[in-house]
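Residue numbers (my numbering): 51 to 356.
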């Protein structure tokens with residue numbers, strides 16, 4: 051079953067196309083990472099999915115509801131953690147969560163939700179004195195009210211320390227185990243790689259890639275790196291390595307030779323070249339492309355792929 055589906059979804063602001071011909075499917079029960087640089091169209095897409103911004107063209111369906119004409123039904127079944135969440139400074143954390151519960155017509159215990167996100171001791175504190183991380187935890191507790199079928203999380207780990215980010219990931223996994231779908235937008239590639247089943251990458255309003263991270267790493271010609279530690283750096287080794295097929299760059303620093311290899315490059319050929327030069331190889335390691343490498347490749351090319 052499909053939780054989110056868009057068909058040629060577009061949004062224009064005057065002559066600017068913030069989102070252009072977006073065709074996207076997010077399956078029920080998956081964690082989908084929605085990535086892109088600032089201004090790529092991510093927030094505009096989220097606002098259209100929630101019915102806050104009407105599309106200029108195309109359509110979006112969320113949990114079987116038309117996002118433009120049935121937005122209230124969408125929001126009743128969706129938990130949202132927005133970017134730059136604003137609190138009511140004079141209200142306590144408990145009252146914030148109680149408000150979210152009442153809006154959903156749910157029967158949750160606000161203290162249980164606050165405990166789940168690590169705010170049990172702050173339940174009676176006014177939110178105006180909360181740190182950025184505490185406000186983020188509070189917004190997450192409110193998003194969890196009513197056991198939503200869909201969670202839309204926009205930069206959910208913003209302001210959280212590493213322990214808070216880890217706790218957030220654990221809660222997301224618990225929600226997926228419960229049967230929820232998670233639509234997850236973030237600039238922190240480590241968080242995305244740790245938790246997402248698939249990712250979609252936006253650039254200049256268009257979806258330029260959509261697949262599992264493993265498939266993107268396999269299909270995109272993004273450099274891996276071979277790092278060779280030697281007893282000495284032979285003269286002319288940089289030129290010899292650069293002459294090999296698939297070698298895109300060579301960095302030499304204090305007895306370490308780092309070779310960037312495209313998909314056409316062979317690590318064994320580069321290592322053989324170093325050994326033939328007469329240097330003694332003391333250690334060898336490899337670094338495969340990270341999601342950050344893929345993100346850079348997809349969002350900095352000279353033209354957006356059709």
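From the three backbone atoms N, C-alpha and C, an ideal C-beta is built for every residue, glycine too.
Assigned exposure category for residue i - 16 Cβ within 10 Å defines buried
i           : result
residue 60  : buried
residue 259 : buried
residue 318 : exposed
residue 111 : buried
residue 63  : exposed
residue 352 : Its pLDDT being 45, under 50, residue 352 is placed unreliably in this model, and the coordinates cannot settle the point.
residue 105 : buried
residue 148 : buried
residue 51  : exposed
residue 95  : buried
residue 298 : exposed
residue 129 : buried
For residue i, the residue or residues it bridges with in DSSP
i           : result
residue 54  : 76, 112
residue 310 : 275, 299
residue 62  : 67
residue 107 : 60
residue 131 : 203
residue 280 : 331
residue 142 : 176
Cβ-based neighbour list, residue i, same chain, cut-off 8 Å, excluding 5 preceding and 5 following
i           : result
residue 323 : 287, 290, 291, 294
residue 161 : 144, 170, 173
residue 269 : 261
residue 132 : 189, 204
residue 67  : 60, 61, 255
residue 166 : 191, 194, 221
residue 228 : 197
residue 349 : 86, 87, 90, 251, 253, 258
residue 103 : 61, 94, 97
Opening and closing residue of the beta strand (DSSP E) in which residue i lies
i           : result
residue 299 : 297-303
residue 228 : It is not in any beta strand (DSSP E) - residue 228 instead sits in the alpha helix (DSSP H) that spans 212-228.
residue 259 : 256-261
residue 124 : Segment 121-126 is the alpha helix (DSSP H) holding residue 124; no beta strand (DSSP E) there.
residue 335 : 331-337
residue 204 : 200-204
residue 249 : 248-253
residue 232 : 231-235
residue 84  : 81-85
Cβ shell of residue i (< 7 Å), same chain only, five flanking positions each side left out
i           : result
residue 274 : 311, 336, 337, 338, 339
residue 262 : 247, 248
residue 220 : none
residue 184 : 169, 172
residue 279 : 305, 306, 332, 333
residue 215 : 207, 241
residue 141 : 176, 177
residue 6   : This structure leaves residue 6 out entirely; the chain is present only between 51 and 356.
residue 91  : 68, 69, 252, 255
Closer than 7 Å to chain C by CB, residue i
i           : result
residue 266 : In the structure shown, chain C does not exist; there is a single protein chain.
Selection from the options that minimises the alpha carbon distance to residue i
i           : options            : result
residue 328 : 129, 204, 306, 284 : 284
residue 208 : 218, 199, 106      : 218
residue 237 : 186, 150, 87       : 87
residue 118 : 233, 167, 98, 330  : 98
residue 276 : 64, 333, 57, 344   : 333
residue 89  : 201, 199, 101, 254 : 254
residue 224 : 186, 298, 213, 198 : 198
residue 126 : 267, 163, 136, 100 : 100
residue 186 : 152, 232, 226, 136 : 136
residue 390 : 164, 349, 166, 181 : Residue 390 falls outside the range modelled here, since the chain spans only 51 to 356, and no answer is possible.
residue 113 : 226, 76, 244       : 76
residue 239 : 345, 71, 79, 349   : 345
residue 212 : 235, 244, 71       : 244
residue 266 : 343, 202, 73       : 343
residue 82  : 53, 326, 150       : 53
residue 281 : 325, 264, 320      : 325
Neighbourhood of residue i by C-beta, 6 Å cutoff - its chain only, sequence neighbours within 5 removed
i           : result
residue 355 : Per-residue confidence for residue 355 stands at a pLDDT of 41, beneath the threshold of 50, marking its modelled position as unreliable; no derived number is given.
residue 123 : 115
residue 196 : 154, 156
residue 57  : 108, 109
residue 301 : 308
residue 55  : 75, 111
residue 330 : 281
residue 150 : 192, 195
residue 72  : 56, 59, 257
Endpoints, the alpha helix (DSSP H) within which residue i is located
i           : result
residue 244 : 239-245
residue 183 : 182-193
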